[in-house]
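Comments concern the structure below.
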Amino acid sequence: MPMSTSRGRLEPGSTVETRSLTSVLGERVAVPDPERLVHLQFRRFAGCPVCNLHLRSVVRRHGEIEAAGVREVVVFHSPAEELAPHTADLPFAVVADPAKRLYAEFGVERSPRALLSPRVWGPIAWAVLSGAWQVARGRERLPS
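The opening residue of the sequence shown carries number 317 in my numbering; numbering runs sequentially from there.
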């Protein structure tokens, strides 16, 4: 497998240098994990409605993900203090990266073009409406 040590996008099948991340709850997270695959997600800020909708679906299927031998790790570019109240109930590690160092290292970048694509408008609208409905019904908290 090719090793990627420089900044930029990784190619499929690449292996990253071993590192230890710290979750917002203080848990040490090995990436890569020597015992299982790691699905490393990069998310926007803590209040991103699309991110929250997607994370709820990951939580619902977390048992299946673990049974497949995959460890879920989610990175947000929000500070740990903002994330901590919202992560205690999540069954996977959440890592704060407010300086976006991991984002840069893994080649995850912002693109205004991404929001201009019509294929994202429906999911964005659904996420905002669904999130607002869950908050109104008392089933979700407002994001930080």
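Glycine residues also receive a C-beta, built at the ideal position from the N, C-alpha and C atoms.
Asked: DSSP state of ARG335 mapped onto helix, strand, coil; Found: strand
Asked: Spatial neighbours of LYS416 in its chain, beta-carbon cut-off 6 angstroms, leaving aside the 5 residues before and after; Found: HIS393
Asked: Residue closest to PRO348, alpha-carbon to alpha-carbon, out of THR331, VAL340 and ALA396; Found: THR331
Asked: Per-residue DSSP class, three states only, for LEU341; Found: coil
Asked: Terminal residues of the alpha helix (DSSP H) in which LEU406 lies; Found: Run containing LEU406: none; DSSP gives neither H nor E here.
Asked: Boundaries of the beta strand (DSSP E) in which VAL354 is found, first to last residue; Found: 353 to 359
Asked: Heavy atom of the ligand FMN within 8 angstroms of ALA409 beta-carbon; Found: Among the components modelled here there is no ligand, and therefore nothing to report on the ligand FMN.
Asked: C-alpha gap between ARG335 and SER446, whole angstroms; Found: 36 angstroms
Asked: Coarse secondary structure for GLU425, derived from DSSP in three states; Found: coil
Asked: Own chain, CB closer than 6 angstroms to VAL391, minus 5 neighbours either side, in chain order; Found: PHE358, VAL411, ASP413 and LEU418
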